[in-house]
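**Student:**
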Amino acid sequence: MIIEIGHYTLVLALAASVIVSIVPAVGARKRDLSFMDVAPIGSIVLFILVAFSFGVLTYAHVVSDFSVRNVWENSHSLMPLAYKYSGVWGNHEGSMMLWLLILTFFSAMVATFGSNLPDTLRANVLSVQAWISAAFILFILLTSNPFIRIAMPPAEGRELNPVLQDVGLAIHPPLLYLGYVGFSVCFSFAVAALMEGRIDAAWARWVRPWTLAAWTFLTLGIAMGSYWAYYELGWGGWWFWDPVENASFMPWLAGTALLHSAVVMEKREALKIWTLLLAILTFSLSLLGTFLVRSGVLTSVHAFASDPTRGTFILVILLTFVGGSLSLFAFRAPGLTAGGLFAPISREGALVVNNLILTVCCGTVLTGTLYPLVLEILTGDKISVGAPFFNMTFGLLMVPLLLAVPFGPLLAWKRGDLLGVLQRLYGAAALALLLALAIFYAEHRGPVLSVLGLAAGLFLVFGAVADLWFRAGVGKVAAPVVLRRLKGLPRSAFGTALAHAGLGITVIGIVAVSTFATERMVEMRPGATVETGGYTIEFQGMSDAAGPNFKDDRGSFIVQEDGEDVADVWSSKRVYNAHQMPTTEAGIVTFGLSQLYISLGDFTHDGAIVVRIWWKPFILCIWFGAIVMAVGGIVSLSDRRLRVGAPTRRAKLAKATTPIAGPLAFPLPGGDPEGVRISSRFAPDQGLPGALG
Amino acid sequence: MAGSQTSAALVYRDQLTELDRDARSGHLAAAEFEYARAEAARRLFKATESIGPPIIVSSSRNIFVSLAIVAFVPLLSIGLYVKLGSPDMLSRPLEARLESPEDDLLILVDRAESHLRQQPNDGLGWDVLAPMYLKMGRIPDAETAYRNALRLLGSSPIRLDGLAEALMATSRGVVTEEARTTLQQSVALEPDNAHAQFYLALALEQEGRRLDATKAFEGIAAGSPSDAPWLPLVKLHIAKNKEIEVAPIRDTEPTLDHLESANPDEQNAMIRGMVANLESKLSADPDNLNGWIRLVRAFVVLKERARAAGAMKRGLFALSPSSERGRQLIAEARKLGLTTRDMVE
Amino acid sequence: MTRKQKRLTVIGAGVSFIIAAVLLIMFAFNESVAYFYLPADLATNPVPAGTRIRLGGLVGEGSVVRGNGTTVQFSVTDGTGQNVKVRYTGILPDLFREGQGVVTEGTFESGNHEFIADTVLAKHDEKYLPRDVAEKLKEQGLWQQVQADRPETRK
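Residue numbers (the working numbering), protein chains in the order written: chain A, 183 to 875; chain B, 92 to 436; chain C, 3 to 157.
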């Protein structure tokens with residue numbers, strides 16, 4: 183019975199989402215609080231309903247209830263328990279349920295933590311969230327229902343695709359969706375602002391924590407997916423510019439741009455309209471990604487045409503939300519008050535450069551991803567747009583951004599002093615170049631470009647350090663003052679520095695791997711040795727091994743350095759019993775940040791085996807950098823300013839505001855703010871604090 | 092609850108506090124501070140101005156809204172759920188099914204299979220499994236199981252009849268030569284085996300020997316008790332073989348409307364007989380749109396979706412999917428609730 | 003500079019970056035986009051040596067010859083009788099089999115008609131055939147035959 187209750191709960195959730203879609207929005211229009219109050223309660227109820235329904239589906243998977251078709255298709259009673267859980271979202275229906283769960287989770291979070299928002303804004307935001315929820319619940323119920331039953335339940339399930347039975351892939355989708363779907367909140371805020379026809383600097387601060395959270399999860403999700411592909415697929419690559427990867431990367435690029443433009447809006451009330459547009463575009467790209475992955479167009483445009491229900495449904499959702507929000511934007515944006523002015527060389531200017539480059543790069547990826555689809559639909563020609571295209575366009579276009587990043591945080595708001603900043607970054611740049619050359623000589627190979635690439639990466643890292651260095655005034659003031667100043671810096675300043683340094687680390691990893699990696703492909707017989715990356719690898723021989731649901735043909739290797747054994751490693755060709763699907767399990771040895779990657783090929787006719795061995799120097803930097811970026815995001819998120827007006831703080835503030843003490847002594851209506859003379863004297867060594875990078 | 096001006100003002104006040112602290116701790120030069128403070132203050136000033144009409148709390152209309160919601164939620168949810176859900180189905184966790192598998196055919200089959208993997212020469216096991224396979228539509232498996240049971244346990248009318256049924260199912264209802272000899276063996280063992288006799292009569296009918304067939308069917312009818320469940324079907328065949336020259340087949344066969352008056356067992360038997368007959372006819376002459384439609388409909392009534400889809404596919408193959416009649420067949424199948432997906436799979 | 007000039011400079015810089023990006027994309031499309039061909043397409047519509055293409059089809063039965071070291075030769079066919087000889091140095095993917103679908107990427111050598119592949123993919127969808135190949139073969143009406151050769155994937 184519980185299964186049917188779960189099914190009914192999902193239907194009930196549809197009803198709830200329809201109510202939250204309409205009532206609060208009407209209330210906001212009438213400025214009637216009793217209507218608007220439906221929003222927070224309704225959103226939390228909606229989340230509870232969806233969570234219950236998801237829980238029931240999970241339960242069905244865990245107890246192997248094969249009377250549920252979804253369980254029968256994707257589970258097996260003998261599968262390890264962990265994969266019974268991850269099997270819930272390891273398939274189309276379940277992953278859409280996860281998508282929905284996270285969407286309603288974010289709505290519930292806004293409802294819970296949004297009591298500092300203006301009533302009308304909150305009501306509208308939650309209404310827009312509920313529109314999205316309603317659309318997706320309907321999609322699930324009508325085309326991808328996970329609760330469809332089998333009258334005569336089979337005795338055993340068909341088992342999850344063995345490639346998906348992996349820890350990496352169990353965590354990857356939830357992280358990715360937390361990112362993807364998190365941007366829905368930004369979208370809802372943007373649409374709500376457009377509905378109200380009013381937008382100001384405070385809006386940016388309200389949106390920022392959501393953007394940050396979504397961005398952080400997406401960063402981790404993408405990194406996780408990339409690492410999974412690296413160790414599981416056995417090709418030694420870590421990014422393939424595959425449409426599925428691009429689908430998650432595009433919202434990341436747009437989201438990064440949004441993160442930065444929201445800062446400008448918050449600090450200077452400039453770029454308001456652009457920020458709104460970015461918020462809409464970012465979530466639109468998330469929806470596009472969902473469409474690309476879920477509709478089947480990527481497998482084949484014809485597959486899409488022959489079984490169109492799902493694809494068409496998502497396409498309709500996509501067009502409705504993107505088209506609707508963009509029309510609303512076109513209709514309302516001209517009526518919004520324009521923002522502040524600033525000089526080209528200033529923090530704002532730097533952030534505009536950031537936005538320009540990120541959005542253009544995002545456009546490039548979009549073009550490369552969609553062009554083959556469009557061409558196939560229009561002309562029937564099949565083309566492949568692969569890594570060379572993206573490396574050439576995206577790679578080149580990103581270079582100026584990498585060089586510009588360290589300048590941003592050091593420039594002052596409104597009007598910056600490029601020369602002053604240049605002087606401060608001399609140290610960082612010189613250090614970066616020196617170290618890049620040192621690494622270059624240590625590796626003894628690679629074209630000059632790689633030195634520049636490494637230098638760019640290191641420049642990012644040192645630039646981030648320099649930012650904190652100068653803010654703390656190291657060398658100018660006494661040590662205790664430095665400490666006090668560092669302590670006084672807002673968390674977001676550290677977040678910025680960490681995120682920028684993380685980007686630098688990733689760039690170093692990418693450049694090092696693409697230029698210094700060595701690949702050896704040799705036929706080996708037991709006892710044969712290969713030298714690579716300063717290590718000697720000796721092939722021990724092949725042996726058979728079996729796991730719970732697979733058979734292995736295992737090749738053992740010993741890795742030696744200077745004649746001493748430093749590691750044992752095996753690589754195997756694996757066949758899963760259930761699917762009879764051959765896969766390659768790579769043998770990976772980690773030395774510091776670098777790795778040896780060994781993968782087995784075919785036997786040659788004279789009994790040797792082809793072995794492919796890569797030396798991948800600094801490869802771990804790629805993912806380590808992403809983690810540092812995410813940590814930067816979390817640190818920024820913990821900045822107390824983002825919690826302004828949160829319930830706990832509000833009580834304190836309420837007390838504090840009455841006897842307006844020190845900082846609030848500004849004579850509000852009396853002191854004519856327009857009249858305040860802006861000093862022409864410029865102090866280049868102090869930017870406004872607390873910019874978020 | 093926060094009005095829009097107070098919420099925004101809170102943010103700007105906080106910006107001011109922040110600026111002030113930064114200025115004091117030395118992060119901010121005096122000039123920068125002044126101008127940033129001026130900007131934040133200007134925003135604060137703007138935010139404290141009242142914007143738009145005040146927010147109200149209505150109570151009178153609230154009742155109508157609540158009522159509308161109370162009416163809407165069950166209306167939508169129950170309506171949609173009844174359409175989508177299977178409210179009569181219980182949960183079937185595997186463990187519980189394994190504990191009490193009495194009515195759970197597939198669990199029983201699974202158990203028997205794993206048992207037979209261990210002891211492939213357990214004739215009783217095959218004997219139990221064979222009819223289950225047949226019931227599930229796993230015809231080749233059923234055939235193997237019957238053969239194994241016959242090999243290990245010797246002949247019996249039930250096994251021979253089962254094998255014959257499996258063979259006929261393979262040949263889509265046609266009583267093949269092998270099926271006929273098998274049935275004859277069965278009749279030899281048990282002369283008043285109405286089951287086998289019926290199929291033998293059917294074989295005569297399929298060969299076109301209507302007179303012999305009529306006689307055989309009449310023989311069965313005479314030898315059967317008056318409440319035998321197969322009697323209506325036998326009578327149908329007698330009638331059909333007698334009147335075949337006079338009236339077209341379609342009119343003499345029971346339609347779905349006629350069936351409704353019969354009891355469920357009879358209904359099933361009648362439909363199954365009709366289906367077998369129809370199938371053999373269609374495999375002999377597939378160019379028959381109405382025949383295919385009736386076959387698909389019969390399977391849908393029998394709740395055998397897979398076979399309905401199978402019939403659909405065969406029909407489409409015979410009529411060509413792009414032809415006018417092919418399209419008619421698809422349209423009919425749609426009406427019966429078959430989807431394109433069913434047909435493709 | 004006046005405010006107007008400043009603004010124009012900024013807009014000009016932005017626009018020129020976008021134009022540069024568009025030109026780069028167009029250039030990159032010319033350089034690195036590979037069209038997909040089956041052997042039969044090549045027979046009617048030959049591709050000049052040196053042009054990068056994707057060649058797909060089925061690996062010819064009995065055509066795989068392992069040469070020196072890691073060099074492998076095989077032919078790609080599509081059932082129309084046309085076939086193209088392919089040479090590839092590297093590790094073949096796990097799912098590479100004779101009679102199975104394959105997609106190779108590379109160029110034709112000038113002089114002889116050998117296709118030098120630098121990538122060989124047997125990356126499959128759930129139907130165990132690369133999708134480009136499956137569709138093209140479907141167009142030729144060979145799909146059924148290909149499907150029948152495979153083991154049943156569903157119970």
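Ideal Cβ positions, reconstructed from N, Cα and C, are used throughout, including at glycine.
Computed from a predicted model, the values in this text were never measured in an experiment.
Go to B/E125, then tell me how far its alpha helix (DSSP H) extends in each direction, as first and last residue.
**Tutor:** Taken as a continuous stretch (DSSP letters only), the alpha helix (DSSP H) holding B/E125 covers A121 to T139.
**Student:** Note down, in chain order, each residue of its chain lying with its Cβ closer than 6 Å to the Cβ of C/S65, except the 5 sequence neighbours on either side.
**Tutor:** Cβ neighbours of C/S65 beyond the five flanking positions: F76 and S77.
**Student:** Taking only beta carbons into account, state which residues of the region 565-576 of chain A come closer than 9 Å to chain C, listed in chain order.
**Tutor:** Here the close residues are I565, S566, V567, G568, A569, P570, F571, F572, N573, M574 and T575.
**Student:** Using only the alpha-carbon positions, how far apart do B/R425 and A/I322 sit?
**Tutor:** When rounded, the distance between both Cα atoms is 22 Å.
**Student:** Can you tell me the Cβ-Cβ gap for B/R128 and A/E451, rounded? I've got them flagged as a contact below 8 Å.
**Tutor:** That pair is no contact at about 14 Å.
**Student:** Return the chain-ordered list of same chain residues with a C-beta closer than 7 Å to the C-beta of A/F692, the five sequence neighbours on each side being excluded.
**Tutor:** Phe is not the amino acid found at residue 692 of chain A; the sequence shown has Ile there. Excluding positions up to five away in sequence, the list reads I804.
**Student:** Is B/S157 buried or exposed, if buried means 16 or more other CB atoms sit within 10 Å of its CB?
**Tutor:** Answer is exposed; the Cβ neighbour count stays below 16.
**Student:** Check whether the Cβ atoms of A/M334 and B/L197 sit closer than 8 Å, and answer yes or no.
**Tutor:** Against a cut-off of 8 Å, the Cβ pair of B/L197 and A/M334 comes out as a contact.
**Student:** To the nearest angstrom, how far is it from the Cα of A/A439 to the Cα of A/V556?
**Tutor:** So the alpha carbons of these two residues sit roughly 27 Å apart.
**Student:** With DSSP as the reference, please indicate the residues paired to A/E705 in a beta bridge.
**Tutor:** Paired residues: A/V792.
**Student:** Out of curiosity, what's the CA-to-CA distance linking A/L508 and A/A293?
**Tutor:** For A/L508 and A/A293, the distance between alpha carbons rounds to 25 Å.
**Student:** What residues are listed by DSSP as bridge partners for C/S77?
**Tutor:** Answer by DSSP bridge pairing, in chain order: C/K87.
**Student:** From A/R673 to A/D821, what distance separates their C-alpha atoms?
**Tutor:** Those two C-alpha atoms are separated by around 5 Å.
**Student:** Measure the C-alpha to C-alpha separation of A/I801 and C/V61 and round it to an integer number of angstroms.
**Tutor:** Their backbone Cα atoms lie some 35 Å apart in a straight line.
**Student:** When DSSP labels each residue in this structure, what does A/R667 get in the three-state scheme?
**Tutor:** The answer is helix: DSSP assigns A/R667 an H, G or I state.
**Student:** Quick check on DSSP: helix, strand or coil for A/M183?
**Tutor:** In the structure shown, A/M183 sits in coil (DSSP, three-state: anything other than H, G, I, E or B).
**Student:** Mind listing the chain C neighbours of A/M703? Cutoff is C-beta to C-beta under 9 Å, in chain order.
**Tutor:** Residues of chain C passing the Cβ test: G71, T72, T91, G92 and I93.
**Student:** Taking C/A23 and A/L579 to be in contact with their CB atoms under 8 Å, please state how far apart those CB atoms are, rounded to whole angstroms.
**Tutor:** Right, the Cβ-Cβ distance comes to about 6 Å (below 8 Å), so this counts as a contact.
**Student:** Identify whether B/R229 lies in helix, strand or coil by the three-state DSSP scheme.
**Tutor:** If DSSP states are grouped into helix, strand and coil, B/R229 belongs with coil.
**Student:** Out of A/A264, A/L342 and A/F652, state which residue places its alpha-carbon closest to the alpha-carbon of A/L668.
**Tutor:** Of A/A264, A/L342 and A/F652, the residue nearest in Cα terms is A/F652.
**Student:** CB A/I499 to CB A/L474, shorter than 8 Å?
**Tutor:** Their beta carbons are not under 8 Å apart, which means A/I499 does not touch A/L474 by this criterion.
**Student:** Hey, is A/V205's beta-carbon within less than 8 Å of any beta-carbon in chain B?
**Tutor:** Yes, its Cβ sits closer than 8 Å to a Cβ of chain B.
**Student:** Which value, in whole angstroms, describes the spacing of the CA atoms of A/R387 and A/S370?
**Tutor:** Going by the C-alpha atoms only, they are around 15 Å apart.
**Student:** With a threshold of 8 Å, are at least 3 pairs of Cβ atoms found where one atom belongs to the region 558-572 of chain A and the other to the region 490-505 of chain A?
**Tutor:** No, the region 558-572 of chain A is not in contact with the region 490-505 of chain A.
**Student:** Quick check: the region 782-802 of chain A against the region 689-703 of chain A, are there 3 or more CB pairs under 8 Å?
**Tutor:** Enough Cβ pairs lie closer than 8 Å, so yes.
**Student:** Determine which residues share a DSSP beta bridge with C/L123 and list them.
**Tutor:** C/V105, per the DSSP bridge assignment.
**Student:** Distance check for B/T235 and B/D218, CA to CA, integer angstroms please.
**Tutor:** Each residue's alpha carbon lies about 11 Å from the other.
**Student:** Span of the alpha helix (DSSP H) holding C/R54?
**Tutor:** No alpha helix (DSSP H) holds C/R54; DSSP gives it neither H nor E.
**Student:** Kindly indicate if chain D contains any beta-carbon less than 8 Å away from that of A/G783.
**Tutor:** Here chain D cannot be found, since the structure's protein chains are A, B and C.
**Student:** Provide the residue span of the alpha helix (DSSP H) that contains B/A203, from first to last.
**Tutor:** Residues L196 to Q209.
**Student:** Is the shortest distance between the beta-carbon of A/Y190 and the beta-carbons of chain B less than 8 Å?
**Tutor:** So, interface residue.
**Student:** Find the nearest neighbour of C/G83 within the set C/M28, C/V67 and C/P41, judged by alpha-carbon distance.
**Tutor:** Taking only the C-alpha atoms, the option nearest C/G83 is C/P41.
**Student:** Using 8 Å as the threshold, is the region 182-193 of chain B in touch with the region 216-230 of chain A, meaning 3 or more CB pairs across them?
**Tutor:** Verdict: no, contact absent.
**Student:** Where does B/R416 sit, in a helix, a strand or coil, going by DSSP?
**Tutor:** In this structure, B/R416 counts as helix in the three-state DSSP scheme.
**Student:** Can you determine whether any heavy atom of the ligand GTP sits closer than 7 Å to the C-beta of B/R229, and answer yes or no?
**Tutor:** With respect to small molecules bound, the structure shown includes none, and the ligand GTP cannot be examined in it.
**Student:** Relative to the C-alpha of A/S754, which residue among A/A812, A/S725 and A/G339 is closest?
**Tutor:** That would be A/S725, whose Cα lies nearest to the Cα of A/S754.
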